[in-house]
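Those protein sequences? They're chains A and B, same order as listed. In terms of the numbering used here, the first sequence has 134 at position 134, counting the first letter as 1, and numbering is strictly consecutive. Throughout, the numbering used here is defined as the position within the second sequence, counted from one, plus 1000. Here the structure is laid out as structure tokens; the discussion comes afterwards.
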Amino acid sequence: MIESRGLTKLFKDKKRGEIRAVDNVSFLCKPGQIYGLLGANGAGKTTTLRMLATILEPTNGTAVVCGHDVIEDPQKVRANVGFLSAATALYPRLSSQEMVEYFGRLNGLEETTLKKRIDDIFGRLDMNSFRDRRCDKLSTGMKQKTSIARTLIHDPQVMIFDEPTLGLDIMTARTIIDFIRECRQRGKTVIFSTHVMSEVEKLCDTIGIIQSGKLLAEGSLAELRERYKENDLEEIFVKIVAPLYTNGEAA
Amino acid sequence: MSLQNVGIVYRKELREALRDRRTLISSLLVPLLLFPLLTAGLGVAISALLGKAKEEIPKVMIIGGEDSPRLLEDLHNLKKIEIVPLASNWKEQIINKDIRAAVGVPTGFESDLAQQKPVTLKIYNYNGDLKSSLATSVIQEHLESFRSNIVKESLSAKNVPESVLKPFAVEEQNVAPPEKVGGAAFGGVIGYMVILLCMTGCMYPAMDLTAGEKERGTMETILSSPISRTHLVLGKFFLVLTTSLVTAALSVTSMGVSFWVLERLHAFDKAGSDAAQMQLSIGIKQVLSIFIMVLPLAVLFSAGVMTVSLFAKSYKEAQSYITPLMFLVIIPAVCAMLPIDLNAKLALVPILNASLLCKELVVNTYHWNYIAIIFLSTCIYAAVALFLAVKMFQREHVLFRS
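Printed below as a string of structure tokens:
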């Protein structure tokens, strides 16, 4: 379970002064459901997810992840979260297996448990053919699978995906989408950000539309269609964000 | 659990470092090869070139001197030089290195000598050219003995004993044991090299583990794991410290071996005999003392370089920050090679204090009060640097600087 309570993040910029990247954002993600954070570039998606993953500390507000407060107990939050984004790269000089082992150990797994889990995940994701290959020698698809294995190694209850398909080819992106679905089937709480409408339509139980750091609308796809009298998600999105949209907004 | 996490990060960083060619070159290969190449290689090359230069019989011209047959005969009989006929472009020939020097003999040189009038001989040479300098010293040496013969003849003609020229003798006697003489000569250099290599040894890994990690995009990955940032920075720091100390240890070993080989080979004929009087015997005790003193300094360097590098967005940017930092290390380390003695104030100046102390430790001199001040002050500086590194790792705008 993720409960965001008025999450706010301010950044100081020499040229632009104080930037309100995330502004009083509150929402609830339940286990076995996928919450999609939909927004344009610079809308505040990454900052919100980084705060949930305790990589950034909120300026105001807080969030509770799996019963742990992101400000009070960030380490326990991270122990219950699997975080995957386009920016979470792999260590080039470690092999695929060493990479996953490293994160397993950092999550406090015993060596015997770690070995079992690695064998299980590598088998499930069909990674055995490249488990000893260095990460800098892997194809994009292999790298993504290694990243997935890295997020799964400690069997977290919450999965956070920040634009996980950004820059990937269709086949690799499909692996990620299937993986997100599988997380839901396993009863995990899933939140993911994207600006790709089709991904949201395919996956999300609840959609949150964010712009200029503000959560402007929230609901299931059906609810949003009903509320904005539009069938096409893209049209709904434009209707909601257009009044606040400024090109090149950064988060 | 916490120390275990530091160990997990350390082992992972060590594994990556051992697989990184650039780290292996900067931390292992350079210190291992630098001294043999610098000392033995360069020494042998210089000695060979000097030997070759000395073997050459320099061509010399004599300007004038037709009315001074004794001097001319004397110079012609000198086997270490070859007198060649005078040419009008003798200056040009010296500059073009066709001849090495020319001796200018004034008209009436010998008759003026006989009348005890003051008279000057001139040696024309190419200042700064080694072979020309060698020719000049051969001529000077010979003219010195020519002058001394004339003085002796003059004294003898007047029945004055030669001893009048040298009423008393001055003799220099070294009382310091050979290893102290050697230490005084090389101590400053050893301190400088150990300190410098301590710094260069930690530079590459420190940049790779901070700015490099940001550049590769693995910083966000590791920050999403449950490890605390303090443990993460400590794991990284211990790896940087290890490379710094390994580089320093290898450089000292390599330096010791190079000196030993050089001494055995007697590469320099003159320097070889000097080396016999300036034995540089560094025992286990000195090595350990130097290492104990260098340890807080290595902590200071490792933490300092990590702090600065972490601020950079990329490896290249980190390099541009670290290069000026190198001067802050080199300048005080070089100062220790100057004739400066350790005192209470200097014992508080970071780097310079350790460098000056190395000079004393090499010669087995232990000023315990200074050692305590230096060790404690460097420990404090190191602790501050490490604290800053840890703090820096907790600052979001540094970690996610864009």
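By construction, the Cβ of each residue, glycine as well, lies at the ideal position given by its N, Cα and C atoms. Since the structure is predicted, the reported quantities are computational estimates derived from the model, not experimental observations.
query	result
Spatial neighbours of LEU1032(B) in its chain, beta-carbon cut-off 6 Å, leaving aside the 5 residues before and after	LEU1250, SER1254
LYS214(A) - containing beta strand (DSSP E), residue span	214-219
Chain B residues whose Cβ lies nearer than 7 Å to that of TYR35(A)	Correct list: empty, because the minimum Cβ distance to chain B is about 18 Å.
Outcome for LYS14(A) when other beta-carbon atoms lying within 10 angstroms are tallied against a minimum of 16	exposed
Distance between THR146(A) and PRO252(A) (C-alpha atoms, nearest Å)	An answer regarding residue 252(A) cannot be provided, because it is not within the stretch 1 to 251 covered by chain A.
Contact list for GLU57(A) against chain B, beta-carbon separation under 8 Å	GLU1396
Neighbourhood of ALA1206(B) by C-beta distance below 6 Å, restricted to the same chain and skipping five residues each side	VAL1240, VAL1305, MET1306, SER1309
Counted within 10 angstroms of its Cβ, other Cβ atoms place SER212(A) as buried (16 or more) or exposed	buried
Any C-beta of chain B under 8 Å from that of SER85(A)	yes
Buried versus exposed call for ASP162(A) [16 or more other C-beta atoms within 10 Å across all chains shown]	buried
Cross-chain neighbours of GLU1016(B) in chain A, by beta carbon under 8 Å	TYR91, ARG93, LEU94
Expected contact under 8 Å - CB spacing of VAL1103(B) and ILE1150(B) to nearest Å	Contact doesn't hold; Cβ gap of about 16 Å is too wide.
LYS1236(B) vs VAL1009(B) beta-carbon contact at 8 Å	yes
Cutoff 8 Å: LYS950(B) Cβ touching any chain A Cβ	Here chain B comprises residues numbered 1001 to 1402, so residue 950(B) is not present and cannot be evaluated.
Inside the region 39-77 of chain A only - beta strand (DSSP E) runs reaching at least 3 residues	60-65
Chain B contact residues for LEU52(A), given Cβ-Cβ distances below 9 Å	What LEU52(A) touches in chain B: nothing, since even the nearest Cβ is about 11 Å away.
Per-residue DSSP class, three states only, for SER1148(B)	helix
Strand pairing of LYS1122(B), partner residues [DSSP]	GLY1104(B)
Distance, SER1302(B) Cα to TYR1381(B) Cα	12 Å
Touching by the beta-carbon criterion (3+ pairs, under 8 Å), the region 185-194 of chain A and the region 14-34 of chain A	yes
Which of helix, strand or coil DSSP assigns to VAL100(A)	helix
Three or more C-beta pairs below 8 Å linking the region 1360-1372 of chain B and the region 1200-1220 of chain B	no
Beta-bridge pairing of GLY1212(B) - partner residues as DSSP gives them	BP columns for GLY1212(B) are empty, so no partner.
C-beta neighbour in chain A for ILE1351(B), strict 8 Å	no
Pairwise C-alpha distance: THR206(A) and GLU230(A)	17 Å
Span separating the alpha-carbon of ARG1100(B) from that of THR1107(B)	23 Å
Any beta strand (DSSP E) of 3 or more consecutive residues that is wholly inside the region 168-246 of chain A	189-194, 206-211, 214-219
Local Cβ density within 10 Å of ALA251(A), reported as buried at 16 or more and exposed below that	Confidence in ALA251(A) is poor, its pLDDT being 40 and thus under 50, which makes the residue's placement unreliable; the coordinate value appears in the next sentence. Flag for ALA251(A) reads buried.
Among ARG1015(B), ILE1025(B), VAL1006(B), LEU1034(B), nearest to MET1193(B) - alpha-carbon criterion	LEU1034(B)
Euclidean distance between Cα positions of ASN1364(B) and ASP73(A)	54 Å
As assigned by DSSP and simplified to three states, the class of LEU1376(B)	helix
Straight-line gap, PRO1118(B) to LEU1143(B) (C-alpha atoms, nearest Å)	15 Å
Contacts that GLU1317(B) makes with chain A (C-beta to C-beta distance below 9 Å)	None at all; the shortest Cβ gap to chain A is about 17 Å.
Where the region 94-111 of chain A meets chain B: residues whose CB sits under 8 Å from a CB there	LEU94, GLU98, TYR102, PHE103, ARG105, LEU106, ASN107, GLY108
is_contact[ARG255(A), chain B] using C-beta, thresh 8 Å	Because chain A in this structure spans residues 1 to 251, residue 255(A) falls outside the shown range and cannot be described.
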